[in-house]
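Q:
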Amino acid sequence: MAIYHLSVQVISRKTGRSAVAAAAYRAGARLRDNRLDREQNFSRKRGVVHSEVLLPENAPEIWQDRERLWNDVEAVELRKDA
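Quick note: the sequence shown uses this note's numbering, first residue 1, plus one each step.
#1: For residue 46, tell me which candidate among 40, 59, 25, 54 has the shortest Cα-Cα distance.
#2: Can you give the Cα-Cα distance for residue 62 and residue 19, rounded to whole angstroms?
#3: DSSP three-state call for residue 40: helix, strand or coil?
#4: Taking the alpha helix (DSSP H) that residue 65 falls in, what are its first and last residues?
#5: Quick one: is residue 21 buried, meaning 16 or more other Cβ sit within 10 Å of its Cβ, or exposed?
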């Protein structure tokens, strides 16, 4: 029987982190970070078996694109200490 595990973390700009970079790392993907104007490339990361974006029914379809989703999240938060 499989055992479910969930870990939740806050990605804070105050500590110099980026939601786009965190998403790229977890997905083992290459994502463009518009706020930092750089590419976050974790496509060589091993061990990522499955990566998927799950959205509620009323969410915009364009957010199925991981890069667009996390750049939009970063754009909404304007505070530097967030």
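All residues carry an ideal CB built from backbone N, CA and C; glycine is no exception.
Values in this document were obtained by computation on a predicted structure and should not be read as measured data.
A: This is what the structure gives:
#1: From the listed residues 40, 59, 25, 54, the smallest Cα separation to residue 46 is found for 25.
#2: Looking at the two C-alpha atoms, the distance is approximately 18 Å.
#3: If DSSP states are grouped into helix, strand and coil, residue 40 belongs with the strands.
#4: Element bounds for residue 65: n/a, residue is neither H nor E.
#5: With 16 or more other Cβ atoms within 10 Å, it is buried.
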